[in-house]
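**Q**
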Amino acid sequence: MIDHIWQDFLRIAVAELGSRAVETWIKAVSFARYDKDKSVLYFKAPNAFVKDWVQSHYLQFFEIHFRRFLQVDVLRVCFVIGDDQQESELIDSSARLIEKKPAIIKKQKAHYKAAKKLVPYQQMNRLNHLYTFDSFVVGQNNSFAYAAARAIVDKLGKLYNPLLFYGGAGLGKTHLLHAIGNDVIAQDPSAVVVYQTTDRFINEFINAIRFNHVQKFQAKYKRADVLLIDDIQFMANKEQTQEAFFHLFNHLYDANKQIILSSDTMPRELGGLADRLRSRLEWGLVADVQVPSLETKIAILKEKAALQNEILADEAAVFIAQCAVSNVRELEGALIRVLAFASLTNQQVTIELVKKVLGHEKHTVGSNVEFDQVIHVVKSNFSYGLSDLRSKNRSKDISIVRQIAMYLMKHATNKSLREIGEFLSRKDHTTVAHAIQKIEQMRQDQSDFNIKLERLERELYQR
Ligand code: ADP
Ligand code: MG
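The C-terminal position of the sequence shown is numbered 466 in this note's numbering, with every residue numbered one higher than the one before it.
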């Protein structure tokens with residue numbers, strides 16, 4: 004249940020605080036437990052730095068929304084570092100904080116107001132000017148999508164229509180959409196570029212019906228020269244919205260206006276979509292974005308650091324890039340945390356500092372997930388248990404699940420290849436090395452597989 008609420012909360016947080024704040028701070032904490040009697044919701048932070056930051060910036064935000072989710076009038080949110088023992092002490096201190104320090108509360112309220120202001124800002128469809136082609140690092144994983152994006156700007160409506168980017172979360176789809184929009188406007192300031200997330204598109208549509216201004220809604224989108232709709236997968240099962248979008252699509256298409264979309268799933272595999280809409284999505288070009296290689300990750304980290312006027316040493320970049328992160332957004336979150344820590348404590352970004360900030364976090368190498376947790380997650384997803392994994396059975400099915408288990412064990416525990424091999428009754432630890440390589444390759448080659456693994460990892464690290 005809480006998992007469900009947490010996902011809802013994250014979506015609201017992305018909308019109100021922005022995905023950067025969410026990746027950097029909100030997702031760094033995880034739900035610990037709910038003390039119903041005392042009406043306290045506990046969240047775990049990986050270290051004091053994250054705890055202090057989240058507490059001073061987002062406490063109110065947490066409380067407001069979780070009160071609503073849990074449908075209670077009184078609820079306090081409490082952030083703790085790892086172990087439980089400090090909890091009671093912390094409740095008291097946070098209670099005191101609330102009673103005696105209105106200044107802090109005021110500050111949080113101001114922050115919350117500022118966050119709310121962001122919403123109308125985004126609703127004006129203003130493009131994020133930081134997401135440009137210049138700031139986009141091209142690697143093998145995204146060169147096709149990048150080339151298509153660049154090509155399209157010179158031949159709007161004439162080359163590929165629609166252009167659809169697809170790939171896992173945090174791999175640069177939104178960045179590319181904005182980059183196209185920014186570039187179009189740079190070349191022709193009079194062009195009407197409309198960017199919208201599917202979530203908002205749906206909300207706008209629902210409100211248009213409710214308040215009887217469907218025409219205004221349609222007019223807004225029909226005047227677009229370039230329409231950018233992000234995360235089209237959320238249109239699944241929204242039949243009426245699909246219908247409205249379908250007509251809009253036809254209208255723009257017939258007028259040779261450019262339509263660009265993103266999705267985390269291949270159109271073919273998008274459930275809950277009317278066939279005629281699905282086939283429209285495949286009319287033009289479908290370009291995928293994949294997980295970046297280590298080299299590309301390092302290049303991205305350096306680019307992002309340069310944007311903040313920081314120079315990142317090679318070994319620090321390598322360490323951050325090697326953390327078991329499978330997407331660029333997490334990578335960026337980790338980097339921002341490192342840079343914030345360095346600047347607040349007036350230190351250089353050394354490898355030691357990076358290890359200190361990231362070393363104990365859940366998604367990084369060396370977190371505390373144990374073998375049996377991996378086994379549990381594997382079993383609940385593939386129905387193969389430990390004895391199957393240890394068996395000599397080499398059917399294709401079991402082999403791949405075994406390889407996934409090895410991969411997860413390597414990334415989620417501190418154990419050596421040899422220990423993993425022994426645990427799974429493999430005589431030769433090169434089997435484990437081979438499995439890890441294979442899974443890594445599959446993640447890079449197949450977005451769908453990568454998405455599946457991301458889900459597994461999320462499940463594993465949330466335990
Ligand atoms: P998606 O829409 O696919 O979930 P985003 O476009 O929001 O992903 O990307 C997440 C973050 O990662 C953004 O801050 C984006 O700037 C950054 N990012 C992703 N790919 C690249 C890249 N190739 N070069 C530079 N930044 C990137
Ligand atoms: Mg996106």
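Here a beta-carbon is modelled for each residue, glycine too, at the ideal position from N, C-alpha and C.
Between residue 281 and residue 139, what straight-line distance do the alpha-carbon atoms span, to the nearest angstrom?
**A** For the purposes of this step, residue 281 is taken as the residue at position 278 of the sequence shown. For the purposes of this step, residue 139 is taken as the residue at position 136 of the sequence shown. When rounded, the distance between both Cα atoms is 29 Å.
**Q** Among the residues of its own chain, which have a CB less than 8 Å from the CB of residue 298, if the five just before and after it don't count?
**A** Locating residue 298 in the sequence shown gives position 295, counting from the first residue. Within the same chain, residue 298 has close Cβ partners 142.
**Q** Please state whether the Cβ-Cβ distance between residue 245 and residue 277 is less than 8 Å.
**A** Locating residue 245 in the sequence shown gives position 242, counting from the first residue. Locating residue 277 in the sequence shown gives position 274, counting from the first residue. Yes, these two residues count as a Cβ contact at 8 Å.
**Q** Taking the alpha carbon of residue 154 as the reference point, which residue from 28, 386, 134 and 179 has its own alpha carbon closest?
**A** Stepping through the sequence shown from its first residue, residue 154 is reached at position 151. Of 28, 386, 134 and 179, the residue nearest in Cα terms is 179.
**Q** Using DSSP bridges, identify the partner residues of residue 167.
**A** Here the question's residue 167 lines up with position 164 in the sequence shown. Its beta-bridge partners are 264 and 289.
**Q** By DSSP, does residue 397 sit in helix, in strand, or in coil?
**A** For the purposes of this step, residue 397 is taken as the residue at position 394 of the sequence shown. Three-state DSSP puts residue 397 in coil, outside helix and strand.
**Q** At a cut-off of 7 Å, would you count residue 266 as near the ligand MG, judging by its Cβ distance to the nearest heavy atom?
**A** For this step, residue 266 is matched to residue 263 along the sequence shown. Flag unset: Cβ of residue 266 not near the ligand MG.
**Q** Along the chain, where does the beta strand (DSSP E) containing residue 51 start, and where does it finish?
**A** Residue mapping note: residue 51 aligns to position 48 of the sequence shown, counting from 1. Segment 51 to 73 is the alpha helix (DSSP H) holding residue 51; no beta strand (DSSP E) there.
**Q** Just to confirm, does residue 157 get its C-beta within under 7 Å of one of the non-hydrogen atoms of the ligand MG?
**A** Here residue 157 refers to the residue found at position 154 when the sequence shown is read from its first residue. No, the beta carbon of residue 157 sits no closer than 7 Å to any heavy atom of the ligand MG.
**Q** Kindly indicate which three-state DSSP category residue 419 falls into: helix, strand or coil?
**A** Here residue 419 refers to the residue found at position 416 of the sequence shown. Residue state, collapsed to three classes: coil.
**Q** What are the boundary residues of the beta strand (DSSP E) that residue 79 is part of?
**A** By one-based count along the sequence shown, residue 79 stands at place 76. From DSSP, the beta strand (DSSP E) with residue 79 extends over 79 to 84.
**Q** So what's residue 44 in DSSP terms, helix, strand or just coil?
**A** If you number the sequence shown from 1, residue 44 lands on position 41. Strand.
**Q** Less than 7 Å separating the Cβ of residue 534 from some heavy atom of the ligand MG?
**A** The structure shown does not extend to residue 534, since the chain spans only 4 to 466, so no value can be given for it.
**Q** Alpha carbon to alpha carbon, how far is residue 59 from residue 106? Give it in angstroms, no decimals.
**A** Looking up residue 106 in the sequence shown gives position 103. Looking up residue 59 in the sequence shown gives position 56. Unreliable positioning characterises residue 106 in this predicted model, as indicated by a pLDDT of 47, which lies under 50. The coordinate reading is nonetheless provided below. The straight-line gap from Cα to Cα measures roughly 11 Å.
**Q** Indicate whether residue 274 and residue 222 have their beta-carbon atoms separated by less than 8 Å.
**A** Within the sequence shown, residue 274 is the residue found at index 271, counting from 1. Within the sequence shown, residue 222 is the residue found at index 219, counting from 1. No, these two residues do not count as a Cβ contact at 8 Å.
**Q** Does the beta-carbon distance from residue 459 to residue 380 come in below 8 Å?
**A** The residue you call residue 459 lines up with position 456 of the sequence shown. The residue you call residue 380 lines up with position 377 of the sequence shown. Using a Cβ distance threshold of 8 Å, residue 459 and residue 380 count as a contacting pair.
**Q** Is residue 193 near residue 233, with beta carbons less than 8 Å apart?
**A** Sequence index remark: in the sequence shown, residue 193 carries index 190 (1-based). Sequence index remark: in the sequence shown, residue 233 carries index 230 (1-based). Contact: no.
**Q** In the DSSP assignment, find the unbroken alpha helix (DSSP H) run with residue 218 in it and report its ends.
**A** Indexing the sequence shown from 1 puts residue 218 at position 215. Where residue 218 is concerned, the enclosing alpha helix (DSSP H) stretches over 217 to 225.
**Q** Using only alpha-carbon positions, find the residue among 225, 397, 330 and 339 that is nearest to residue 23.
**A** Walking along the sequence shown from the start, residue 23 turns up at place 20. If we check each option's Cα against that of residue 23, 339 comes out closest.
**Q** Going by DSSP, what residues sit across from residue 546 in a beta bridge?
**A** Because the chain spans 4 through 466 in this model, residue 546 falls outside it and cannot be assessed.
**Q** For the beta strand (DSSP E) holding residue 233, just list the boundary residues, first then last.
**A** Here the question's residue 233 lines up with position 230 in the sequence shown. Unbroken beta strand (DSSP E) run through residue 233: 229 to 233.
**Q** Can you give the Cα-Cα distance for residue 247 and residue 182, rounded to whole angstroms?
**A** Locating residue 247 in the sequence shown gives position 244, where the first residue counts as 1. Locating residue 182 in the sequence shown gives position 179, where the first residue counts as 1. Whole-angstrom Cα-Cα distance: 26 Å.
**Q** Going by C-alpha distance, which of 457, 436, 263 and 56 is nearest residue 160?
**A** For this step, residue 160 is matched to residue 157 along the sequence shown. Out of 457, 436, 263 and 56, 263 has the C-alpha closest to the C-alpha of residue 160.
**Q** How would you label residue 350, buried or exposed, when you count the other beta carbons within 10 angstroms and need 16 or more for buried?
**A** Mapped onto the sequence shown, residue 350 falls at position 347. So residue 350 ends up on the exposed side.
**Q** How would you label residue 83, buried or exposed, when you count the other beta carbons within 10 angstroms and need 16 or more for buried?
**A** What you label residue 83 is simply residue 80 of the sequence shown in a count that begins at 1. The residue is buried, with at least 16 neighbouring Cβ atoms inside 10 Å.
**Q** May I ask which residues mark the beginning and end of the alpha helix (DSSP H) holding residue 129?
**A** Locating residue 129 in the sequence shown gives position 126, counting from the first residue. Per DSSP, residue 129 belongs to no alpha helix (DSSP H) and is neither H nor E.
**Q** Quick check on DSSP: helix, strand or coil for residue 33?
**A** Walking along the sequence shown from the start, residue 33 turns up at place 30. Strand at residue 33.
**Q** Rounding to the nearest angstrom, what Cα-Cα distance links residue 214 and residue 220 in this structure?
**A** For the purposes of this step, residue 214 is taken as residue 211 along the sequence shown, with counting starting at 1. For the purposes of this step, residue 220 is taken as residue 217 along the sequence shown, with counting starting at 1. When rounded, the distance between both Cα atoms is 11 Å.
**Q** Using DSSP bridges, identify the partner residues of residue 199.
**A** Taking the first residue of the sequence shown as 1, we reach residue 199 at position 196. DSSP links residue 199 through a beta bridge to 232.
**Q** In this structure, does DSSP put residue 157 in helix, strand or coil?
**A** As a working note, residue 157 is residue 154 in the sequence shown. Looking at residue 157 - three-state DSSP - the assignment turns out to be helix.
**Q** Beta carbon of residue 300, beta carbon of residue 334: below 8 Å?
**A** As a first step, residue 300 is located in the sequence shown; it is residue number 297 there, counting from the start. As a first step, residue 334 is located in the sequence shown; it is residue number 331 there, counting from the start. Yes; because the gap between Cβ atoms is below 8 Å, this pair is in contact.
**Q** Any heavy atom of the ligand ADP within a distance shorter than 7 Å of the CB on residue 22?
**A** Your numbering for residue 22 matches position 19 in the sequence shown. Within the cutoff, so yes.
**Q** Tell me, which residues are paired with residue 38 by DSSP?
**A** Residue mapping note: residue 38 aligns to position 35 of the sequence shown, counting from 1. BP columns for residue 38 point to 43.
**Q** Among residues of its own chain, excluding the 5 on either side of residue 201, which ones have a beta-carbon nearer than 8 Å to its beta-carbon?
**A** Residue mapping note: residue 201 aligns to position 198 of the sequence shown, counting from 1. These residues qualify, in order along the chain: 232, 233, 234, 235, 236, 237 and 238.
**Q** Cβ of residue 177 versus every heavy atom of the ligand MG: is any distance shorter than 7 Å?
**A** As a working mapping, residue 177 is identified with position 174 in the sequence shown. Checking the 7 Å criterion, the Cβ of residue 177 is within range of a heavy atom belonging to the ligand MG.
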